[in-house]
Structures are given as structure tokens and as C-alpha cells.
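Residue numbers (this note's numbering): 2 to 970. Quick reminder that beta carbons are idealized off the backbone N, C-alpha and C, glycines included. Below is one structure; the comments refer to it alone.
Pasting the structure below:
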């Protein structure tokens, strides 16, 4: 009993009959097992042979059915079909499989062919003829027409041609070339473009005394080569012609047959017109990306509107290669001259020695399997060599140098419709010579390195690939884990997806862990990933291709400056960083930081979010933490201290712009290389709002590790917190600052934090709590403590007045004014007078409020838009209402509200709008008051950065508006 593959697939019985194999797919399963006799065949290989790139969901079940049926058919045969992970194994006698018997016979013949002596040659000829008789037509003739089947058939046919060539050569040596003519003619009829076979036919015909037939065979091949490929005969065919033209078997000259054109002079080797199909297998779990696929269609498809060159870039694990390969398979039909692919290993480990050209065997292996030795970025000359051989150039005709190979490659691609996929490119120079030249060609390049040169120099269309949308990320989990498992834990699946940053590589790694551990729950793995200390380890995968491995590959290609910044960024708690904070962490000037940030962005470890600001994913942030953790403790402490000192100085600079006269708290250990220089209050507020989450996190964390810097940073942020309207966040930050001050024994610092909390509580309209906190601040300080005691008195005075204790509030204000006057600092006195004016207004003393508000503004005449000035202007406008002419009041309100809006102090503007509406209604102008309030509400609601704390003010305006609207009904 035997298995026949060199023709239609058959299972022969011992009596010469055959067992029926139902269906092409079942025959394909048997064929693949037989070709790999004694070796395990993976399930993926069966799927590729049976269904190509699109296996159905039922593929595994269908394969199991075919295996079960084959086991029954093979029960009485010498073959045994086993189940072996990750697929199946067929064992049995190799001589019972015709393809393996052919291989064995040809191998023994090759050994004999190299020996001396006529007996060895005769035996080799006999073995080759026996081997060639095993062929019954096209190998695997009745299997599904998939790419893998085509590859296997091509390999078998190449072995058949090699055996025929060896046989013909031996016959010529033996002087019996005539015996090989029939087989050679049959091969030429099948494919007349194999010059080596045609050359042997010419020589065998000549040896058989058929010189005219030899010349006819030559000239027919020459015409066909010119017509179909546009090339001239190569060296082998030219040499055969020379033998014929040298004379007949008796030495006489031979002329060309009548009617055939004369032969041209010999030409250098030229390629056959091969059609390469070198794309990797389509990723089986590819999901989504429809907008990106359509974009590639527009830029590179057969009916494209673009120039045919696309650059796909993005961070590690985002799915650049998968997208490019999936699209290439989808678009392959539009490129009839073939598809080429190269893994350029752009982020492979650097090769310590100079690149040398790989051997032909290595290149051939890489071209056939897609496998490449990880020895650094691929040499473009090597890749060009593989491309040229794939396009039909004989090895002897491949130029030795990169320039020559590139020139020939451009010539060969000029008139073709070819698709070239260049994956994981290092830079533009590596890619430049690999781009096809023809207008009908297209190329897709992927990479993480600095590839923008392709956009500038080659006009490439750029696609920045982002993480998957959540719906597609869940679809990916669904594909790998099964719908039932994902639908059983939908919330956990969504959480797992988020913890993987919606990156396909991380999602596949996590899914693989779950798929191989059916007793695990999705929620359990999500809990493991939620621990930031171990998340990267969980997502490491079983080798260098996990999320951590990909990030380390990228890190290995960075310059020292960029690598250092990526490491020390671990000290920064925010997903976003700016140039100045990066410069502080590096201890370098902003230009060096900007260069390092640009390099990290070019490698897609960071992404520009706005001018001068850069975002990073959670996985990159955790990778930075992993790198920093590998440093000694002093290096880790240095990064944290540099960052705290930077933010303390930066916050103080902004606070000085909003409220002049800020404390300095001594010299910094690490003076920042540069600080923000906002053009005005609004710019200072914008900077603080962007940095506030990072500052609050740093204050909280440093409360345990560096408490002195912690409470000082919190204190420096008081004016920006007030101006930005982030009152709830202010309260949290000051509480952390107070804990830090207590930890390091800073009595004044703790009281300063109490006073700041009282101010925050006032803004949140939690007046009694504000009184309690302010009393604690006053009790914890003494007049000799200066600003801390003064701030506490001011907060307690206003809070006491708001809860009705106007007499006590007046005494507190008087004490604060006396103390502020002793400091000799106009800024302190101005702020104290502004607080006292508010106390007077609450007590009904409008004249006192008006006088003190004006005095507060006059002390700092050059600073027209500080917090103190704007608050005093609002108090003045409010105090003018009952006593001043309407026009004077109108001007005062307009100036105050315009100043608040210009400076960006939203909560002061909200309070002012309410007070002005009350004024308008009291003057019989209720419709105008309604219009003003509606306009203010529209502006607040349209502000995308409106703090949550402002909700209480917006609600108050809405209530006042409703009340006025009802009065007008």
C-alpha cells in the first residue's frame, strides 16, 4: 500500500487498486502528512493548505473530521496517524510515498553522478529514470488551489527539473544524449522559458545528429524569450548554440534552418519573468482597521489616487505589520507581476561588526521562509539580492555591490505591476533603494524609527497608526478567547482591554495566557494587570515578542540622551510632559530636551499632544519605571528631587504673576535650567491647569519621601489654585501638604496648609468648615511668623463674616492690616486690604469697603490684572450700587467683569455676573439681567476646561436666572 503525490493524490492498495479519498481537502490533509512523514504538522499548516488566508471558524472541527476519516482508511496500511501537539504525525515506510521515494532515488543518483567510472554513471542514469517515471503529471494536481499548495508544487517541480537536468548531463557524458531528448522536449513544452533545460535539449539533439532540430529548438526559445520576457538568451543557451554552430557530428559547419532569423551575438545573463508571491501569511486574528485599509486602498491600491508609496508608523505593538500584511493580501490581485516582502529588522539588536553579505543559502532560506537571523537591521544589499533572485535573475547575474543591484532592480520593476512590502524599516536610507521604480508598482513601508525622510524625499503618504478602538479591541479578545468566554465577563473584558492600552500585541499576549489556562477568569488576569509593578511582566509573552520585549528593542536603538530621558521620565507622574520639565529631569538646557523628546517621538514612544507637550501610553510609562528601577537609589532620588525643585520654582513664578510678593523658601538644590514665562495671568492659569494633576500627585507622593519639598510645593500653588477655580483639587493638595509638614516638623508649614484649606473651603462655600480650619491656622502661628499668620487672619476674617460674625471679622481684619503694614511689603498690604474690603461689604459698610478696595488697587498700580486687583474691582462695583449714579456703576461692573474674563478667573467672573444681574434687576432692568446671565451661562458651558468645582457657581446662576425669568412672566 502506498501514497502517490506526484500527480493526482492517491492512496494505493496492496493489489494495485486504490482507496477512494473523498474531497480535495481530505486528499490535501493526507498529502501534507505524507510529505512530512515522521514529522509533526501543525494545525496552522493544514489551515493554510486547505483554506489559504481565510480559514472559516469551523476549520479546526473540519480538520478533526478529515483526520478521523483518514485513520479509518489507513487502518490496514503500514501508515499510522497520531495526534501530536500542535497537530498530527504520520508514520510509516518512506519508500511507500512516491515523492519521498523520488527524493531518495535522486539523492542516491547524485552521489553516484560525482563518482568516476562508467558503471557509476550508468547506475545513476538508471536511478534517475526510475525516479522520473514516478511522475504522473502535475504534482498534487487535485488539491485546493492555495498559496501553500503552489509553494509545495513549485518545490517538487524544481526537484523534478533538477533530476532531469542531471540525467541529461549524464547522458551527454555517456554519449547517449538522444535517450534524453523525449523527456527534455516534454519539459520544454510545459515551460519553454527554462533556459538550462532548452540548452540541454539543443545539445542532446546535436549529439543525436539532429543539428537542424537543435537550431530550431534554440531559435524557438530565443523568439519566446524576446516576446514574453523582453530578454535575450543567457550564457547556457548561447554555449549550446556555439557547440551546434561549431560543426555537425563530422565537424562540418551547420547553418540555421531557412526562414528563421539569424542569431544575435551572445548577451549577458538575463532574468526569467518570474512572478514572486512572497507575502507572509495573513494574520488570522486581524480585526477592524477598516478606515486604515481604505486609506491604503486610496494610496497604494490598483485603482489608487495616490503615488503608490505609503508609510505606516506607530508605537510598538500597535499592529503596523499586521495591517500592512492584511491589506497586501487583500490588494494582491491588483498586482499581477507579484508581491515582495522583506523584514528589515529596523529595531533589531545592532550588529557589532560591519555588515557582510549573507550567503546565497541564507538568503534563499530567508526568502522562502520569511525567517531572518536577528543580527541587526537588514543590509539593503542583501534584501536587493533576494528581490532580484525572486524576480528571476540568475545568481551569476546579480551585481556584487548595492548600487549595481539597485540599478538592476529599478530596471526590472520599471514596467511591472508589483507590490513591495517593507516591514520594520530602520530609516529612510535603508528603504530608498528597495522602492520599485515602475508607475504600476506600489510600496508599503512600516516602522518605528525616524522615517519622516520618506515623506520629504519620496513623497510618501503618512499614516500614524493608533491603538484599536475599544469595540475592535473587544472583537480581538472575542476571536482569541471565543465569544462565550468574553460575553460571560463583559466588564472584565473591557477593563482588560484598557489595561492593555488597546494595543493588539498586548491584547494577544494577554489572550494567549487566558486561552492556555481555561481555569483562569478574565477578571483575575485584569486584577494582575492592574498592579502596575507587574503589568509589563504579565504582558512579556514567551520570548522577545511581548510588549516589554518590543519596548526594549526600541530602547536599544535610542541615542544616550533620548534613552536617559525615557528612563528619568518615570519620575514624572503625568501621562503628559513638556520640554521644560524634561529639561529639568535631564539637568540639561531646553534645546537638548527638545532633541531627546523629538527622538522619542520619532520612535513612537511619545506622541505630540500640543505644541511643546508630549503624551505617553501607560505601557511606556511603566517601561520607564522599569528602567529607572534598575538604577541605583541615588540616581532615582536625583530625578525626583530635580522634578520637585522645577515645579516649585515654576509654580512660584506663575503665582508671582497672579499675586506678587510670594515667599521663596530658600535656594533650590537643583536650579531648573529654564522656567515657564507666561505672558499674563491667563497664560499662567493655562499652564497650571495643564500641570495641576502632576503637581498634586507629586505633593502626595513626596509627602512620604521628601516632605519638606512637598509642603513647600503645595504652598507655592495657592494663587494658581485660586485663579484656576480648581477648588476641590486645591483642598486635596493642601491636605497632603499639611501631612508632609507635620511629618517633617514644619509648624508654620502645617498652619500655612490649614489657612490654604480654609481659603479653598470658602471658595467651595463650605463656610463653617472654613472658619474651623482658619482658626486652627491662626492658633498654629504667631505674628512673628509673618505671611503664614497674615494669610490665616485674612481667611478667618472673611469666613467669620460669611457666617455672621461681622464684629469679630472686623477685629480680625484690623489686626491683619496692622500686621501687613509692619511688613513694609505693598503686596501683602494690598491683599489684606482686599480681604478687609470684603469683610466691610459683608458687614454693610459700603463706604469702608469702597475705600479699602481702592487703596488695595492703588498699592500696586502697575499690576492691573492680578487676583487682588480684580477682586477689589468687583468689591468696588458692588459697593457703588446704592450710592453712585447708574452710569458710574455700569462702568465699574463692565471694567471688573472684562478684567476677570481677560485674565481667565472664571469663578470671580461668575460671582460678578450674579452681582451685576442683581444690580440690573434693582434698577428695573430685569430683562437685561436675564440676558446677561444667559450669556454668562453659555460662555461657561462652552468652556471645555471648566473645573468641576465651578458647578456650584453655574448652578447658582441658573437658579438666579430661573427666579428672574419667573418674575418677568
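In terms of residues, what are the limits of the beta strand (DSSP E) holding residue i?
i, result
"residue 4", "3-5"
"residue 342", "340-344"
"residue 89", "88-92"
"residue 579", "577-579"
"residue 615", "614-616"
"residue 104", "It is not in any beta strand (DSSP E) - residue 104 instead sits in the alpha helix (DSSP H) that spans 99-114."
"residue 85", "81-85"
Given that a residue counts as buried once 16 or more other Cβ atoms are within 10 Å of its Cβ, and exposed if not, what is residue i?
i, result
"residue 108", "exposed"
"residue 979", "Outside the displayed range of the chain (2 to 970) lies residue 979, so it cannot be described from this structure."
"residue 939", "exposed"
"residue 250", "Note that residue 250 scores a pLDDT of 45, beneath 50, so its modelled location is shaky and nothing firm can be said."
"residue 4", "buried"
"residue 192", "exposed"
"residue 321", "buried"
Beta carbon of residue i, beta carbon of residue j: below 8 angstroms?
i, j, result
"residue 514", "residue 504", "no"
"residue 876", "residue 816", "no"
"residue 775", "residue 756", "yes"
"residue 696", "residue 652", "yes"
"residue 245", "residue 209", "no"
"residue 530", "residue 539", "yes"
"residue 507", "residue 607", "no"
"residue 166", "residue 89", "no"
"residue 420", "residue 492", "no"
"residue 467", "residue 502", "no"
"residue 512", "residue 474", "no"
"residue 604", "residue 555", "yes"
"residue 6", "residue 100", "yes"
"residue 516", "residue 478", "no"
In whole angstroms, what is the alpha-carbon distance linking residue i and residue j?
i, j, result
"residue 128", "residue 106", "6 angstroms"
"residue 305", "residue 298", "6 angstroms"
"residue 444", "residue 282", "18 angstroms"
"residue 164", "residue 188", "12 angstroms"
"residue 196", "residue 222", "8 angstroms"
"residue 828", "residue 797", "19 angstroms"
"residue 438", "residue 385", "13 angstroms"
"residue 672", "residue 879", "44 angstroms"
"residue 312", "residue 462", "6 angstroms"
"residue 848", "residue 595", "55 angstroms"
"residue 659", "residue 723", "10 angstroms"
"residue 171", "residue 243", "20 angstroms"
"residue 363", "residue 219", "Low per-residue confidence applies at residue 363: pLDDT is 36, beneath 50, and the placement is therefore not dependable enough to give any value."
"residue 703", "residue 891", "49 angstroms"
"residue 25", "residue 145", "6 angstroms"
"residue 173", "residue 122", "11 angstroms"
"residue 72", "residue 65", "11 angstroms"
Could you give the first and the last residue of the continuous alpha helix (DSSP H) run that contains residue i?
i, result
"residue 425", "It is not in any alpha helix (DSSP H) - residue 425 instead sits in the beta strand (DSSP E) that spans 420-426."
"residue 153", "148-175"
"residue 300", "291-301"
"residue 517", "Residue 517 -> no alpha helix (DSSP H), and no H or E assigned at all."
"residue 646", "634-659"
"residue 322", "321-332"
"residue 1", "Any question about residue 1 goes unanswered here, given that the chain covers just 2 to 970."
"residue 873", "868-881"
So, for residue i: in the same chain, excluding its five sequence neighbours on each side, which residues have a beta-carbon less than 6 angstroms away from its beta-carbon?
i, result
"residue 93", "79, 80"
"residue 760", "796"
Excluding the 5 residues flanking residue i on each side, which residues of the same chain have their C-beta closer than 7 angstroms to its C-beta?
i, result
"residue 480", "286, 288"
"residue 661", "828, 861, 864, 867"
"residue 784", "790, 820"
"residue 296", "464"
"residue 786", "749"
"residue 325", "313, 422, 424, 445, 447"
"residue 958", "911, 914, 915, 934, 937, 938"
"residue 355", "Summary for residue 355: the model assigns pLDDT 31, below 50, so the residue's position carries little reliability, and this model does not support an answer."
Suppose the cutoff is 8 angstroms on Cβ atoms and the five residues either side in sequence are ignored; what does the same chain contact list for residue i look like?
i, result
"residue 147", "49, 50, 51, 52, 53"
"residue 883", "847"
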